[in-house]
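Participant: Please find one structure pasted underneath; my questions will follow.
Residue numbers (this note's numbering): 4 to 309.
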């Protein structure tokens, strides 16, 4: 079976590796163009592009699937296209190129969390269970019929990065199983059913912690936005980056946003009980332990996060 693979970030690499290991003929990889990374903004291939080049697979780099890109895809004569977090819309003309269409590995239990940030939104919402599905890609936003699904329990301290890493590995197995079933003529996709929820891409503002909210909501949000875009707060007009906060239900009476050092810990008041800071990164500095950050404050008892 000739497979075009479309993907961009690191979470798509396990699927590419799994397809190659399973013996599928991966004829080309579609990925987004090189992007500037680091302080020096060096143009860097996507993780999928870098892995494809290591494997000796043809790479098609495109910011969008336009007529030219569709022609490149058609030139590879794929039987099916597998897509994992490519980061762009596939239009009707391109959807029609492979005989078996496009199979999308999506990191949620559709129709829950349709969109670009399903794992992140699931954590912010406090879901106990999430998962991954393979489905037939169509023009609607993650609306196609489902081939297969797997579930994954959300652990208490999972960040979006932790959960995505696990799902990327188990999802790669699911994707291979789905393509094998299609190749054998045994695939039977079923229409989605259940309550629809949307998972739009996170913005920087999604990472801001509102200390008026309950501690549990802040705990969930700080994990859901880690590693990207990251949790943060404001202090005296400057943005301070934060690692996920921990719950401290034993500490009450601290006003929202008020900071209180306590031994090696630094506590912050919320709309309910306190939370405990993880590492802190003040503007222009590196991540540091919260106690080290607090020692640098002239009057820590007067510090209030905005």
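Quick reminder that beta carbons are idealized off the backbone N, C-alpha and C, glycines included.
#1: Report the partner residues of residue 28 according to the DSSP bridge assignment.
#2: To which residues does DSSP link residue 237 through a beta bridge?
#3: What does the Cβ neighbour count give for residue 156, buried or exposed, with the cut at 16 atoms within 10 Å?
#4: For residue 64, does the three-state DSSP call read helix, strand or coil?
#5: Within the chosen definition, does the region 31-42 reach the region 54-72 through at least 3 CB pairs nearer than 8 Å?
#6: Which runs of the beta strand (DSSP E) at least 3 residues long sit entirely within the region 231-308? Give them in chain order.
#7: With distances taken from CA atoms, which of 226, 202, 97 is nearest residue 212?
#8: What do you get for residue 350, buried or exposed, if any count of 16 or more other CB atoms within 10 angstroms of its CB means buried?
#9: What did DSSP end up calling residue 123 once you bin it into helix, strand or coil?
#10: Measure the C-alpha to C-alpha separation of residue 221 and residue 110 and round it to an integer number of angstroms.
#11: Find the nearest neighbour of residue 84 within the set 171, 102, 44, judged by alpha-carbon distance.
#12: Alpha helix (DSSP H) containing residue 39: first to last residue?
#13: Express the C-alpha separation of residue 11 and residue 51 in angstroms, rounding to a whole number.
#14: Nearest to residue 150 by CA position, among 160, 166, 185, 123, is which residue?
#15: Taking contact to mean at least 3 C-beta pairs separated by less than 8 Å, is the region 89-96 in contact with the region 182-202?
#16: Could I get the ranges of all uninterrupted alpha helix (DSSP H) runs contained in the region 176-220, with 4 residues as the minimum, in chain order?
#17: When the Cβ atoms of the region 138-145 are set against those of the region 165-175, are three or more pairs found closer than 8 Å?
#18: In this structure, does DSSP put residue 86 in helix, strand or coil?
#19: I need the straight-line Cα distance from residue 72 to residue 163, nearest angstrom please.
#20: Should residue 137 and residue 125 be called a contact, given that it needs their Cβ atoms to be closer than 8 Å?
#21: Going by beta-carbon coordinates alone, are residue 292 and residue 279 separated by less than 8 Å?
#22: What residue range is occupied by the uninterrupted beta strand (DSSP E) comprising residue 3?
#23: Going by alpha carbons, who is nearest to residue 265 out of 239, 277, 25?
#24: Rounded C-beta distance between residue 116 and residue 49? I'm assuming under 8 Å.
#25: Identify, in the order they occur along the chain, each residue of the same chain with its Cβ nearer than 8 Å to the Cβ of residue 106, setting aside the five sequence neighbours on each side.
#26: Specify the secondary structure class of residue 13 as computed by DSSP and reduced to three states.
Facilitator: To lay it out plainly:
#1: Locating residue 28 in the chain shown gives position 25, counting from the first residue. Residue 28 is bridged to 5.
#2: Walking along the chain shown from the start, residue 237 turns up at place 234. Beta-bridge pairing links residue 237 to 242.
#3: Locating residue 156 in the chain shown gives position 153, where the first residue counts as 1. Burial state of residue 156 is exposed, judged by a 10 Å Cβ sphere holding fewer than 16 other Cβ atoms.
#4: As a working mapping, residue 64 is identified with position 61 in the chain shown. Looking at residue 64 - three-state DSSP - the assignment turns out to be strand.
#5: The region 31-42 makes contact with the region 54-72, as at least three CB pairs between them are under 8 Å.
#6: 234-238, 241-245, 249-251, 262-265, 268-271, 277-279
#7: By one-based count along the chain shown, residue 212 stands at place 209. With distances taken between Cα atoms, residue 212 lies closest to 226.
#8: Because residue 350 is not part of the residues shown, which for the chain are 4 to 309, the question remains open.
#9: For this step, residue 123 is matched to residue 120 along the chain shown. Three-state DSSP puts residue 123 in a helix.
#10: As a first step, residue 221 must be located in the chain shown, where it is residue number 218. As a first step, residue 110 must be located in the chain shown, where it is residue number 107. Distance between the alpha carbons of residue 221 and residue 110: 23 Å.
#11: The residue given as residue 84 occupies position 81 in the chain shown. Of the candidates 171, 102, 44, the one whose C-alpha sits nearest the C-alpha of residue 84 is 102.
#12: Position 36 of the chain shown, counted from the start, is the residue given in the question as residue 39. Unbroken run through residue 39 is the beta strand (DSSP E), 38-40; no alpha helix (DSSP H).
#13: Stepping through the chain shown from its first residue, residue 51 is reached at position 48. Stepping through the chain shown from its first residue, residue 11 is reached at position 8. In a straight line, the C-alpha of residue 51 is about 5 Å away from that of residue 11.
#14: Residue numbering aside, residue 150 sits at position 147 when the chain shown is read from its first letter. Of 160, 166, 185, 123, the residue nearest in Cα terms is 185.
#15: The region 89-96 makes no contact with the region 182-202, as fewer than three CB pairs between them are under 8 Å.
#16: none
#17: no
#18: Position 83 of the chain shown, counting from 1, holds the residue named residue 86. Strand at residue 86.
#19: As a first step, residue 72 is located in the chain shown; it is residue number 69 there, counting from the start. As a first step, residue 163 is located in the chain shown; it is residue number 160 there, counting from the start. Near 31 Å, if we compare the C-alpha coordinates of residue 163 and residue 72.
#20: Along the chain shown, one-based indexing puts residue 137 at 134. Along the chain shown, one-based indexing puts residue 125 at 122. No.
#21: Walking along the chain shown from the start, residue 292 turns up at place 289. Walking along the chain shown from the start, residue 279 turns up at place 276. Not closer than 8 Å, so no.
#22: No information on residue 3 is available, as it lies outside the stretch 4 to 309 that the chain covers here.
#23: On the chain shown, position 262 is the one that residue 265 refers to. The candidate whose alpha carbon is nearest that of residue 265 is 277.
#24: Reading the chain shown from its first residue, position 113 is the one you call residue 116. Reading the chain shown from its first residue, position 46 is the one you call residue 49. Not confirmed; about 23 Å, so no contact.
#25: Taking the chain shown and counting its residues from 1, one reaches residue 106 at position 103. Excluding positions up to five away in sequence, the list reads 83, 84, 85, 86, 137, 138, 139, 140, 150, 178, 181, 182, 185.
#26: In the chain shown, residue 13 corresponds to position 10, counting from 1. In the three-state reduction of the DSSP assignment, residue 13 falls in the helix class.
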